[in-house]
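Chains Y and A supply the protein sequences, listed in that same order. Each residue of the first sequence is one higher than the last, beginning at 1 in our numbering. Each residue of the second sequence is one higher than the last, beginning at 1 in our numbering. Note that the Cβ used here is the ideal one computed from N, Cα and C, for glycine as well. Bear in mind the structure is a predicted one, so any value in this text is a computation, not a measurement. Each remark here refers to the structure printed beneath this line.
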Amino acid sequence: MHIPDGLIAPQTYLAAFAVAAPAWAWSVRRVARDFDDRMIPRLAVLTALAFVLTTVMIPLPGGTSGHLVGVGLLALAFGLWPAFLAYSLVLALSALLFGAGGITSLAINALCMGLIGAAVTLGIHRLIQPWKSSVAVVVSVWAGVVVSALLVALVLGVQPLMGRDDSGQPLFFPFGPAVTIPVLVIPHALIGLGEGLLTWLALSALDRRKVPA
Amino acid sequence: MRDRLLLSMWMVAVVAITFIHDPLWLAVLLIVVLVLAGSDRLAILKGALIAIALVNVAVSAGYAISAGVSGEPWLDFVVRLNLRVLLLTVLTLWLSRHLDLVKAVDFSPSLKFVIVLTIGQIKTMQRLLIDYRQAFASRSPARPSLRDRMASSGRQTLALLDKAEHQATELNQGMRSRGFFDDRAQ
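So, in structure tokens, the structure goes:
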């Protein structure tokens, strides 16, 4: 789902960095406070976990598969700020170590998926916690994935407004929300369902074995 | 110092490139970067083309068709988008081959430790995931059902969560026993 480099206008990604910077500072403070001297090993392991989770396949009908985003699982297991920080580090490391993903779009991806996606998952999970636990996990993770996809679609969809050349051709991503929203949200509604089921399978197994998360 | 400088220069270059809209300038910069990449240039170019192919072909073809049908110009956009994305990807792949990230962030001991530990943990967890996948494949003589594939992915995810929990505790104890936190407290 995440946006690569070169498609987003500087006025969008620089604004996203301005919003993300205080969120990163706050998350470092929160994680340091909550984990005290366990912060470094815990954050390293969570970041590695977030990285590797994105390579777990979500089986889809018809023999196809998607990839886990993993943010919902991290948020439900470890909380909002560790999930956001770990996911942001994953995006940075993917670009710097493996040349994958985008560095200009890092803040947008981190905010849409790592922060807002995780917050939506946790918020909805809190609201519907009295429901059956499997339903609460699946619905909240699904909502987090879909809202993240919707936000990414909206960010991409406003790019045609960010500038055109003399002949009227767009300078950045060319399609508006009428195209980006269905193209991104519809497949992620299906992927989100798979991600929700997978998250519930993992968390319920953890609960049964009473391994502290 | 070299790595920190390299990282800073790359960040400035990446941002600057997004302000360039003239396809000619983007093409010149791409040639310069490829020339400077030396003997790695073909491998980097191939890696970049593979990395960007799916998104760029979809966006370029989609725009060319929709603009073509309505009789609007589209060539400049397609050339500009592909050159810009290719240039940024080539630059990033080149950096990933030459940058020692640990040295680049050695101004912050905590960040340096997080990165060193993360890289090690990624390798450990990737090995675990490969073991699980190979075990599942070797125990599935016929094509597994959707339910079996979901159960297998669930077990992989659970194994990763378990591994993460154990590794975090183990690393913390290892660092504590070696006086890492005492050194930092002083």
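Beta carbon proximity, residue i to chain A, threshold 7 Å
{"i": "F51 of chain Y", "result": "yes"}
{"i": "Q11 of chain Y", "result": "no"}
{"i": "Q169 of chain Y", "result": "yes"}
{"i": "P41 of chain Y", "result": "yes"}
{"i": "D166 of chain Y", "result": "no"}
{"i": "D34 of chain Y", "result": "no"}
{"i": "I108 of chain Y", "result": "no"}
{"i": "L96 of chain Y", "result": "yes"}
{"i": "T121 of chain Y", "result": "no"}
{"i": "A44 of chain Y", "result": "yes"}
{"i": "L156 of chain Y", "result": "no"}
{"i": "L150 of chain Y", "result": "no"}
{"i": "G6 of chain Y", "result": "yes"}
{"i": "I103 of chain Y", "result": "yes"}
Pair within 7 Å by beta-carbon distance, residue i and residue j
{"i": "L158 of chain A", "j": "A202 of chain Y", "result": "yes"}
{"i": "A51 of chain A", "j": "L49 of chain Y", "result": "no"}
{"i": "A23 of chain Y", "j": "T47 of chain Y", "result": "no"}
{"i": "W81 of chain Y", "j": "V158 of chain Y", "result": "no"}
{"i": "L99 of chain A", "j": "L36 of chain A", "result": "no"}
{"i": "G72 of chain Y", "j": "V135 of chain Y", "result": "no"}
{"i": "L26 of chain A", "j": "R84 of chain A", "result": "yes"}
{"i": "G102 of chain Y", "j": "D5 of chain Y", "result": "yes"}
{"i": "S88 of chain Y", "j": "G70 of chain Y", "result": "no"}
{"i": "A110 of chain Y", "j": "A83 of chain Y", "result": "no"}
{"i": "M125 of chain A", "j": "V52 of chain Y", "result": "yes"}
{"i": "L81 of chain A", "j": "I17 of chain A", "result": "no"}
Contacts that residue i makes with chain Y (C-beta to C-beta distance below 8 Å)
{"i": "G38 of chain A", "result": "Here the premise fails: no neighbours, minimum Cβ distance about 17 Å."}
{"i": "P141 of chain A", "result": "Within chain Y, no residue comes near P141 of chain A; the closest Cβ sits about 17 Å away, beyond 8 Å."}
{"i": "I50 of chain A", "result": "The premise fails here: I50 of chain A is roughly 11 Å from chain Y at the closest Cβ pair, so nothing lies under 8 Å."}
Cutoff 6 Å; reference residue i; Cβ partners in own chain excluding five residues on either side
{"i": "V55 of chain A", "result": "none"}
{"i": "L156 of chain Y", "result": "F173 and T180"}
{"i": "R4 of chain A", "result": "A104"}
{"i": "R41 of chain A", "result": "L34"}
{"i": "F136 of chain A", "result": "S152"}
Chain-ordered neighbours of residue i on chain A, where CB pairs are closer than 9 Å
{"i": "D207 of chain Y", "result": "Those within 9 Å of D207 of chain Y in chain A number zero; the least Cβ separation is about 11 Å."}
{"i": "L201 of chain Y", "result": "M150, A151, S153, G154, R155, T157 and L158"}
{"i": "A21 of chain Y", "result": "Simply none; closest approach about 14 Å."}
Per-residue contacts from residue i into chain Y (C-beta, under 9 Å)
{"i": "A27 of chain A", "result": "Simply none; closest approach about 14 Å."}
{"i": "L99 of chain A", "result": "L96 and L97"}
Other residues of its chain near residue i: CB distance less than 8 Å, five sequence neighbours each side excluded
{"i": "G163 of chain Y", "result": "A9, P170, L171 and F172"}
{"i": "P73 of chain A", "result": "A67"}
{"i": "P212 of chain Y", "result": "Only weak support exists for where P212 of chain Y lies, its pLDDT of 49 falling under 50; the coordinates are left without a value."}
{"i": "I20 of chain A", "result": "L26, L29 and R84"}
{"i": "I3 of chain Y", "result": "G102, S105, I108, N109, V152, V155 and L156"}
Interface flag, residue i vs chain Y, CB-CB below 7 Å
{"i": "Q126 of chain A", "result": "yes"}
{"i": "P73 of chain A", "result": "yes"}
{"i": "H166 of chain A", "result": "no"}
{"i": "S8 of chain A", "result": "no"}
{"i": "H21 of chain A", "result": "yes"}
{"i": "I130 of chain A", "result": "no"}
{"i": "V12 of chain A", "result": "no"}
{"i": "V187 of chain A", "result": "Chain A is shown only over 1 to 186; residue 187 of chain A falls outside these bounds and no answer can be derived."}
{"i": "L45 of chain A", "result": "no"}
{"i": "R178 of chain A", "result": "no"}
{"i": "R41 of chain A", "result": "no"}
Interface partners of residue i on chain A, CB under 8 Å
{"i": "L89 of chain Y", "result": "V114 and T118"}
{"i": "I186 of chain Y", "result": "Near I186 of chain Y there are no residues of chain A at all, since even the closest Cβ is about 15 Å away, more than 8 Å."}
{"i": "L193 of chain Y", "result": "Simply none; closest approach about 11 Å."}
Within chain Y, the residues that residue i reaches when beta carbons sit closer than 7 Å
{"i": "V32 of chain A", "result": "The premise fails here: V32 of chain A is roughly 17 Å from chain Y at the closest Cβ pair, so nothing lies under 7 Å."}
{"i": "F77 of chain A", "result": "Q169, P170 and P174"}
{"i": "T110 of chain A", "result": "Residue identity differs from the one stated: residue 110 of chain A is Ser in this sequence, not Thr. Result: I40."}
{"i": "G68 of chain A", "result": "In chain order: nothing, as chain Y lies at least about 12 Å away."}
{"i": "S96 of chain A", "result": "L96, L97, F98 and G99"}
{"i": "I122 of chain A", "result": "A48, F51 and V52"}
Same chain, Cβ closer than 7 Å to residue i, neighbours up to 5 away in sequence not counted
{"i": "V146 of chain Y", "result": "V185, H188, A189 and G192"}
{"i": "I124 of chain Y", "result": "V139, S140 and A143"}
{"i": "L197 of chain Y", "result": "V138"}
{"i": "W10 of chain A", "result": "L91 and L95"}
{"i": "P177 of chain Y", "result": "A153, L154 and G157"}
{"i": "S27 of chain Y", "result": "W81, F84 and L85"}
Within chain A, the residues that residue i reaches when beta carbons sit closer than 7 Å
{"i": "T54 of chain Y", "result": "Chain A residues near T54 of chain Y: none, gap ~11 Å exceeds 7 Å."}
{"i": "L225 of chain Y", "result": "In the structure displayed, chain Y extends from 1 to 213; residue 225 of chain Y sits before or after that span and is not available."}
Cross-chain neighbours of residue i in chain C, by beta carbon under 7 Å
{"i": "L197 of chain Y", "result": "Although the question refers to chain C, the structure presented lacks it and instead comprises the protein chains Y and A."}
Check: residue i C-beta below 6 Å from any heavy atom of the ligand ZN
{"i": "V78 of chain A", "result": "This structure does not include the ligand ZN; it has no bound ligands of any sort."}
Next item on the list: Within the segment 69-93 of chain Y, note down every full alpha helix (DSSP H) run reaching 4 residues or more, in order along the chain.
Entry: The qualifying runs are 71-78.
Check: Which runs of the alpha helix (DSSP H) fall wholly inside the segment 9-72 of chain A and span at least 4 residues, in chain order?
Finding: 23-36 and 41-69
Margin query: Please give the ranges of any alpha helix (DSSP H) in the segment 86-166 of chain A, keeping only runs that are unbroken, at least 4 residues long and fully inside the region.
Written below: Entirely contained in the segment 86-166 of chain A, the alpha helix (DSSP H) runs reaching 4 residues are, in chain order, 101-104 and 109-138.
Note to self: Just to confirm the assignment: which complete alpha helix (DSSP H) runs, minimum length 4, are found wholly within the segment 97-131 of chain Y?
What the structure shows: 106-109 and 118-127
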